[in-house]
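Working notes, beginning with the structure itself.
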Amino acid sequence: AFEATGKHIVIKTDVDNLVSLVKQKEEISFSDASKTMGVALPTIEAWAQFLEEDGILSIDYRLTQPFLIYTSKEKKVKVPKYTPQMKGASAAEGRSSRSYVELETQEENEDQDSSEEAQQTGEERTSVILSPDEVAKKERKKIDAFLQGAQEEVTKGNLGQALQDYNSLKSYVMELPDSYPVSKTELQGKLVQLGNELAEEIQKHKKEIAERIKKDISAYLSQMQKDIRAKNFPRAEGILKRVDNLLIAFPSGYLKEEFLLQSLVLEAYEALLFEKNKYLSTDLLSKTQKIHEWEHKALTGLEQNDFFLAQSSYEQMKLIFNSFPAGFLKEKIELQNTISSVFSQIMKKQHTIRHNQFEVVAARIQRMLTESSAFIENKRIEETVKAYEQIKKDFESLPDGFFDQKNPLEQGIVVFHKKLARQLHEQSTAMFDMLHKGVMEQLKQVNTYISLGRWDLAQEAYHEMRETYNKFPEGFLERKDGIKKEMVEIYKKILNHSDSQFLSGFDDYVKKRYMTLLSHIVRAHMLVDHKDFQGFLTVWEDIHAAYGLIPLALLEKRTTLHNEVLKIHKAVQAYHQSKQLYEFQKRGDYASLNKALAALEPAT
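All residue numbers for the sequence shown refer to this note's numbering, where the first residue is 57 and numbers rise by one.
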């Protein structure tokens, strides 16, 4: 087919038409291409193989059907321009060329260069009229160069390129006009010779491919048999996939060899399926027996109310079931029903036991609430508090769930707690009022001793007042603070009087440091009473710093001061030890807890 493009006439061969068809469709099967073009399927296969090698098209196998996919633009062969009266001054005639396009482009460039040169020099370019013999000689050189290039490709083994050159030249020769100056019969003879050589090389190449594939498949099947005997089925399946790919790539025209290879592969595949199914069936039977063994253990655990045994046995059943191979749907469904039945029985048994536990504990709580109400009415506070603690403990031990049943119990506990709290408050208030009255009387007595100058009696009365103060119940902070302030002031007066004789002979700086230390000690006692341990630790740092500024001479005279600081230091150590013990208990590190308890010094 001729196609005019610019100054050239382009011949499109059947190969070009195949490329154009694939480009239009983007992808097409070998069989559809053969039907569309009216070309035999083996011819399509041959063209496709070399077009793929040349990078123009690609082949994609889908299952067992090959498809052609367009990857680049098709190549067109240009017919050399034949003009009986050609312009002369052509250079490098007879030069070896790979295509007519290159030859024609070269001549055009040379003509254009000559024309430009003439224009630059101002000379008129003359046309040289060639004779028919000269034209024939020139065209003959081009065709010979192209034939030689195609033969060189055959010699090098570039069969794809050689086939493309052959088809291009064949199409060119077939389309030559009768008036062409080169004998078409002579050209056709040379084409037949080139075609024979090319067909022989292609057949040789296909045979080499077939022999190599046969050898590779034989080696793969041998390894596959070894893997089957070794029960390495995944590897055998992987080898089978590689063998299938080799079969797809097996060249056409060797039907007997291909059929024999397919028979061998089919035998290997059947052997793989048989051995794999045999192995998996044995494995399935073994795992099924283990599942039934764990089922028996689970049911035994349920009969004995051993939920740990029942639950762990159920988990083992699930674990084994999840390791089953693919397939065996019938067996899996039966085993899945067995496992589900065990799970249902466990859940049912657990619910029954938990419900019974709830009923027992709930009845005990209700009974204790009723009995404790009588304790409250009779003001038996100590027994009521113990009963409330036991009720809380029982309620917390109730199993999860049962929200509707828990709600009335919780409401009853709240009502009971309110009654208990009200009675405890009344009792605490009465006790506080009684102790407060005693402290106020003692405070008055201490002030009387101080006014009379009886410091020894004042100090003794102060200690008794302090013991009374420490008996105060929790709470009542505002009323406690008022009393505490008065007690602190009295304590300072007693300390100042008792220490005045020891401070004689020391300067004001030492006295000031001494009074600062006493103030810190008093504050430390107050913080302990308020359970402000962080503040207590901070004041200890102040005490430690102030203690270091007191002269040794004063400390030797005032040994009670040293003992007071030492007592506070021991209290700090006890606080840190208690925190460490709590951390051990919180982490469950009972070995370290016992060791730390054994190392504690006895209280002094």
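Virtual Cβ for every residue (Gly too), placed ideally from N, Cα, C. Model, not experiment: these values are computed from the prediction.
Tell me the rounded alpha-carbon separation between Arg420 and Asn650. 36 angstroms
Determine the contact status of Glu109 and Leu215, defining contact as a CB-CB distance below 9 angstroms. yes
Under the DSSP definition of a beta bridge, which residues are partnered with Ile84? Leu124
Given Asp272, which residues of its chain have a CB within under 7 angstroms of its CB, disregarding the five upstream and five downstream residues? Leu302
My understanding is that Ala266 touches Glu313, with C-beta atoms under 8 angstroms, so please give their C-beta distance in whole angstroms. 6 angstroms
Report back the beta-carbon spacing between Asp283 and Ile295 to the nearest angstrom; my notes put them in contact at under 8 angstroms. 7 angstroms
Could you pull the start and end residues of the alpha helix (DSSP H) that Leu340 belongs to? 311–359
Could you check where the alpha helix (DSSP H) with Ile304 kicks off and where it finishes? 289–304
Cβ-based neighbour list, Phe414, same chain, cut-off 8 angstroms, excluding 5 preceding and 5 following: A distance below 8 angstroms between beta-carbons, with the five flanking residues on each side excluded, links Phe414 to the following residues of its chain, in chain order: Leu454, Pro455, Phe458, Gln461.
Can you check whether the CB of Ile550 is closer than 9 angstroms to the CB of Ile624? no
Does the beta-carbon of Glu209 have 16 or more other beta-carbons within 10 angstroms, so that it is buried, or is it exposed? buried
Anyone know if the C-beta pair for Ile447 and Phe431 falls short of 9 angstroms? Contact: no.
For Ala609 and Glu620, what's the separation of their Cα atoms in angstroms? Cα to Cα, the separation comes out at about 17 angstroms.
Within the 9 angstroms Cβ cut-off, does Phe589 reach chain B? The structure shown contains no chain B; it holds only a single protein chain.
Could you tell me if Ala201 is buried or exposed, where buried requires 16 or more neighbouring beta carbons within 10 angstroms of its beta carbon? buried
To which residues of the same chain is Gln175 closer than 8 angstroms at the C-beta, ignoring the five residues directly before and after it? Because the pLDDT of Gln175 is 49, which lies under 50, any placement of that residue in the model is unreliable, and the question is left without a value.
Reduced DSSP secondary structure (H/G/I, E/B, other) of Leu113: strand
Using DSSP with H/G/I as helix, E/B as strand and the rest coil, what is Leu611? helix
Whose C-alpha, out of Asp598, Thr594, Tyr126, is nearest the C-alpha of Tyr631? Thr594
Tell me which residues share the same chain as Leu687 and place their Cβ nearer than 7 angstroms to its Cβ, disregarding the 5 neighbours each side in the sequence. Look at the range of the chain in this structure, 57 to 660, and you will see that residue 687 is not part of it.
Going by C-alpha to C-alpha distance, which of Leu583, Arg535, Phe640 sits closest to Val628? If we check each option's Cα against that of Val628, Leu583 comes out closest.
Could you compute how far the alpha carbon of Ser76 sits from the alpha carbon of Glu101? 16 angstroms
Within the same chain, show all residues whose beta-carbon is closer than 6 angstroms to that of Phe384, passing over the 5 residues directly before and after it, in chain order. Leu340
Is Leu476 near Tyr444, with beta carbons less than 9 angstroms apart? yes
Closer than 7 angstroms by C-beta to Tyr518: which residues in its own chain qualify, once you throw out the five before and the five after it? Chain order, please. These residues qualify, in order along the chain: Val502, Ile546, Tyr547, Ile550.
From the DSSP output, in three-state form, read off Asn412 for me. helix
Does the stretch 308–327 come into contact with the stretch 360–372, if we say contact requires no fewer than three beta-carbon pairs (one atom in each stretch) closer than 8 angstroms? no
Whole-angstrom C-beta distance between Met373 and Glu387, which should lie under 8 angstroms: Their Cβ separation, rounded to whole angstroms, is 14 angstroms, which puts Glu387 and Met373 out of contact at 8 angstroms.
Is the CB-CB distance between Ile112 and Phe123 below 9 angstroms? no
What did DSSP end up calling Val95 once you bin it into helix, strand or coil? coil
Kindly indicate which three-state DSSP category Val75 falls into: helix, strand or coil? helix
Spatial neighbours of Ile506 within its chain, please: CB distance less than 7 angstroms, with the 5 preceding and 5 following residues excluded, ordered by chain position. Ala514, Lys549
Quick check on the burial criterion: 16 or more other C-beta atoms within 10 angstroms. Buried or exposed for Lys539? The sequence shown places Ile at residue 539, not Lys. Ile539 comes out buried.
Quick check on Lys527: does DSSP put it in helix, strand or coil? coil
C-alpha distance - Asn73 paired with Ala218, whole-angstrom precision: 18 angstroms
Distance check for Gly644 and Lys353, CA to CA, integer angstroms please. Cα-Cα distance, rounded: 33 angstroms.
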